[in-house]
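Below is one structure, written out as structure tokens, with a few remarks after it.
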Amino acid sequence: MGGGGRPGHRLHPQHHDAPDAQLPTSIMDLAKPEWKGRFGVSPSGADFQAIVSAVYALEGDAAGAAWLQGVKDNAKVYRGNSTIMKAVNAGEVPAGVIYHYYWYGDQADGGANSKNTKLAYFGNQDPGAFVSVSGGGVLKSSKHIAEAQQLLAYMSGAEGQKTLADSAALEYTVGSGVAANSALKPLAELGAPTVDLNALNGPKIVEEMQRVGLL
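In the numbering used here, the protein residues as written are 102 to 316.
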């Protein structure tokens, strides 16, 4: 059951002195030689692993594996989206793959770690425009199943989604017809590809990332 949309992987923090025309038009471009050492990723986090899952789902295993090897060869590795953003902000690396709300959150807090950056969106149904979802569930072993179901119903209902929209989380609302925070680019304008979230194979992706040495 979805709690909020997380399309940040389509976003790069970009140093202001790097023109938009120099940014990759697809996340697949990051495996090309010209991007060696010029972008940051955080492979240890579930955020980036979800992006890798989307690439495999949309491009197939062979193309996904080739891309993943290229990312391993090209990327600078950081631990966490905020660390990537700080590195771009400081000019340590020209670009990075992050989730959008880290940037929006820092901007709302004065922009100390993002003032020299801006966001660029992949769009055009690119794998890099994949929208992940913050989900919730109830364990069979739970001693409070009814209460947990009530919480999930609230989170995905109109009142819960309105609470999310008005919060500092800056994730997208995904249900009950509640508009997202007005600071965000409208979800309908992000050009996200269609991905069956239930078909994503997390364990396989972890194995693939371990195989190329990203984990």
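Where a beta carbon is used, it is the ideal one built from N, C-alpha and C, also for glycine.
Small disclaimer: the values here were computed from a predicted structure and weren't measured.
Bridge partners of residue 223 according to DSSP: none are assigned. A straight line joining the alpha-carbon of residue 243 with that of residue 249 spans about 8 Å.
With fewer than 16 other Cβ atoms from the protein chains shown falling within 10 Å of its own Cβ, residue 133 counts as exposed. Here DSSP, grouped into helix, strand and coil, assigns residue 257 to helix. Taking a contact as a CB-CB distance under 8 Å, the pair residue 229 and residue 145 does not count as one, their CB atoms being some 19 Å apart.
When DSSP reads this structure, residue 141 sits in a beta bridge with 177 and 197. Counting the other CB atoms within 10 Å of its CB gives residue 182 a total of 16 or more, which places it among the buried residues.
By the C-beta density criterion, residue 123 is exposed, having fewer than 16 other C-beta atoms within 10 angstroms. Its Cα nearest to that of residue 197, the residue 222 stands out among 210, 213, 211 and 222. Taking the Cα positions, residue 204 is about 13 Å away from residue 286. Per DSSP, the continuous alpha helix (DSSP H) segment holding residue 304 begins and ends at 303 to 313. Distance from the CA atom of residue 130 to the CA atom of residue 136, rounded to whole angstroms, is 8 Å.
Ranked by Cα distance from residue 296, the options 184, 260, 154 and 279 are led by 154. DSSP places residue 148 inside the alpha helix (DSSP H), whose first and last residues are 147 to 160.
In the structure shown, residue 190 adopts helical secondary structure according to DSSP, grouped into three states. Look at residue 169 here: in three-state DSSP terms it is helix. Contact annotation: residue 217 and residue 192 have beta-carbon atoms nearer than 9 Å. Closest option to residue 303, judged by alpha-carbon separation, among 140, 158, 143 and 141: 158. In this structure, the beta-carbon distance from residue 307 to residue 170 does not fall below 9 Å.
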